[in-house]
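In our numbering, the protein residues as written are 5 to 331. All C-beta atoms in this analysis are idealised placements derived from N, C-alpha and C, irrespective of residue type, glycine included. Reading through the structure tokens given below for one structure.
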């Protein structure tokens with residue numbers, strides 16, 4: 005459980021380690037967020053430098069997986085494929101550092117600070133989703149052509165990793181407040197999703213390295229610019245799953261139809277979208293919704309899980325019923 009006292013102790017220990025990134029130990033450290041990882045912002049008022057320090061969740065990614073994520077980000081920046089914070093190596097040239105926080109060794113990835121704020125759902129999300137569609141297409145184009153390093157390792161986000169035999173975010177059947185009738189309905193939904201995904205296939209044109217978490221919390225708006233952050237969940241999955249991730253936690257909202265249309269229009273400015281790809285979008289949205297239902301149950305220490313709770317599970321059951329009726 006991440007508590008205010010734990011955050012305070014981590015801040016103190018991080019402060020002592022800041023010279024590792026050539027920041028003053030007197031820099032101001034503020035807590036940003038806790039989800040899979042815990043992130044802090046370090047501001048060195050003397051030099052004017054600011055870094056985001058991501059404390060990796062214990063047991064989630066291997067060192068090789070994190071270094072692979074950072075390698076992809078470096079390549080994306082080098083080719084100007086997306087606006088995203090640049091990874092920052094420590095003073096010894098390591099892209100991934102290890103320091104002791106609260107008595108335990110923790111891995112830290114550092115990034116340049118990128119200005120901006122999360123898109124406001126009460127404002128014009130539809131226009132931003134047009135930009136996001138174009139960004140997604142550029143990410144996918146880079147993914148298809150990039151010659152990955154020989155030691156590149158990232159997780160595979162296929163059906164088994166999401167809802168099947170090796171769930172990375174926990175078992176959706178443990179969804180908060182899930183009752184027997186809802187369980188039976190979602191079993192039917194899961195079976196249908198697997199059938200549709202098996203039929204769609206995972207050829208190289210449809211399945212590859214994706215961001216996998218382009219939700220609003222991982223977007224930064226600054227004037228007309230839309231930046232992308234947090235590639236921590238990037239891995240191998242269906243390219244058009246990226247749209248489903250973009251509507252995370254609002255999958256049930258009526259505006260999703262407009263967001264989808266705008267996202268597709270933006271995507272098609274960069275790359276084609278087949279009719280079969282487009283028809284799979286509701287499948288990916290339902291898949292993501294069930295995955296997040298599992299995530300909330302297995303990440304009860306996060307503010308998101310506390311806010312959404314069992315009501316999100318109830319919404320998943322309702323969505324599942326509509327999904328089956330639409331077949």
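Taking all protein chains in view, the Cβ of residue 300 is crowded by 16 or more other Cβ atoms within 10 Å, so the residue is classified as buried. Per DSSP, the continuous alpha helix (DSSP H) segment holding residue 130 begins and ends at 129-149. Cβ neighbours of residue 216 within its own chain (closer than 8 angstroms, five residues either side excluded): 161, 237, 238, 239, 241, 245, 246, 249.
Contiguous beta strand (DSSP E) elements confined to the region 196-274 occur at 211-214, 223-226, 229-232, 239-242, taking only those with 3 or more residues.
Residue 116 carries a strand assignment under DSSP once its states are collapsed to helix, strand and coil.
Of 141, 151, 81, the smallest CA-CA separation from residue 277 is found for 141. When C-alpha distances from residue 102 are compared across 8, 125, 58, 136, the shortest belongs to 58. The alpha-carbon of residue 29 is positioned some 8 angstroms away from that of residue 48. The distance from the Cβ of residue 270 to that of residue 136 is about 7 angstroms, consistent with a contact at the 8 angstroms cut-off.
With fewer than 16 other beta carbons inside 10 angstroms of its own, residue 330 counts as exposed. Contact between residue 173 and residue 72 does not hold, since the beta-carbon distance rounds to 20 angstroms and is not under 8 angstroms.
A residue is called buried once 16 or more other Cβ atoms fall within 10 Å of its Cβ, and residue 36, having fewer, is exposed. Between residue 153 and the set 76, 232, 231, the nearest pair of CA atoms involves 76. The beta carbon of residue 6 sits closer than 6 angstroms to those of 38, 305, all from its chain and outside the five residues before and after it, given in chain order. In the structure shown, residue 283 falls within a helical segment according to DSSP collapsed to helix, strand and coil.
A contact between stretches requires three or more CB pairs, one per stretch, nearer than 8 angstroms, and the region 105-121 meets this requirement with the region 13-25. Counting only runs of 4 or more residues that sit fully inside the region 18-101, the alpha helix (DSSP H) segments are 67-82, in chain order. Rounded to whole angstroms, residue 255 and residue 99 show a C-alpha spacing of 36 angstroms.
Comparing C-alpha distances from residue 45 to each of 65, 63, 22 shows the shortest one belongs to 22.
Taking the C-beta atoms as reference points, residue 296 is found nearer than 8 angstroms to residue 252. Counting of Cβ neighbours within 10 angstroms places residue 95 among the exposed residues, the total staying below 16. The region 317-326 makes no contact with the region 202-221, as fewer than three CB pairs between them are under 8 angstroms. Residue pairing of residue 111 in beta bridges, as defined by DSSP: 102. For the pair residue 193 and residue 288, the CB atoms are not nearer than the 8 angstroms cut-off. Under the DSSP definition of a beta bridge, residue 160 partners with 240. Looking at the DSSP output, residue 121 sits in a beta bridge with 225. Taking a 10 Å sphere around the C-beta of residue 41, we find 16 or more other C-beta atoms and assign the residue as buried. The shortest C-alpha to C-alpha distance from residue 175 to any of 181, 167, 54 is the one to 167. Classified as buried, residue 281 has 16 or more neighbouring CB atoms from the shown chains inside 10 Å of its CB. Nearest neighbour of residue 148 by Cα position, chosen from 63, 311, 213, 231, turns out to be 213.
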